[in-house]
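My numbering runs 109 ahead of the 1-based position in the sequence shown.
Think of the CB as a built atom: it goes at the ideal place given N, C-alpha and C, for glycine as much as any other residue.
Here is the structure we will look at.
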Amino acid sequence: MSEEEKVAVAEGLSEEEYGLFCILRKENMGKREREQVKQASKELLEKLESLTNQMYNWWEREQTRSAIEVEIRDHLYLQLPTPPFTVEDKDAATAKVFDHVWQLSEQGMMGPQDCQ
Numbered sequence: 110m111s112e113e114e115k116v117a118v119a120e121g122l123s124e125e126e127y128g129l130f131c132i133l134r135k136e137n138m139g140k141r142e143r144e145q146v147k148q149a150s151k152e153l154l155e156k157l158e159s160l161t162n163q164m165y166n167w168w169e170r171e172q173t174r175s176a177i178e179v180e181i182r183d184h185l186y187l188q189l190p191t192p193p194f195t196v197e198d199k200d201a202a203t204a205k206v207f208d209h210v211w212q213l214s215e216q217g218m219m220g221p222q223d224c225q
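Below is the structure:
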């Protein structure tokens, strides 16, 4: 097991959830906020997997890119605790998560899988 996998397990997250958690977390979060961010990461990953599994090459069309971005933004605005997260923090996190999901999808690690 890699060091990152060990840390993810210790946090109670899958490796994919931990990836989102790392993007979203802030320094000096209290235990309560940390747990909220973990839960937001879990729920967001579940939503995004469900949504991207319905869309083949979603990143190629503006309409589907927008749908993914709106889903991310809506989820983060509702789930990330305020404070410590500001509107600017949530906007920045939306962009980072969107880029992360795009990269995973282009690499075939998220979204519908081709049958071979």
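Limits of the unbroken alpha helix (DSSP H) element including residue i
i, result
"Gln148", "Lys140 to Asn162"
"Leu185", "Glu171 to Gln188"
"Glu126", "Glu124 to Leu133"
"Gln212", "Val196 to Glu215"
Same chain, Cβ closer than 7 Å to residue i, neighbours up to 5 away in sequence not counted
i, result
"Lys205", "Ile132"
Of the listed residues the options, nearest to residue i (C-alpha basis)
i, options, result
"Lys156", "Asn166, Glu126 and Lys199", "Glu126"
"Arg174", "Trp211, Ala117, Gln148 and Glu120", "Trp211"
Chain-order list of residues whose beta-carbon lies under 6 Å from that of residue i (same chain, five-residue window excluded)
i, result
"Lys135", "Pro193"
"Lys151", "Glu126"
Beta-carbon contacts of residue i that lie in its chain and below 8 Å, excluding the five residues immediately before and after
i, result
"Leu153", "Leu129, Ile181, His184, Leu185, Gln188 and Val206"
Backbone secondary structure at residue i - three-state DSSP
i, result
"Glu136", "coil"
Three CB pairs or more closer than 8 Å across the stretch 166–174 and the stretch 182–189: The stretch 166–174, when compared against the stretch 182–189, does not touch it at the 8 Å Cβ threshold.
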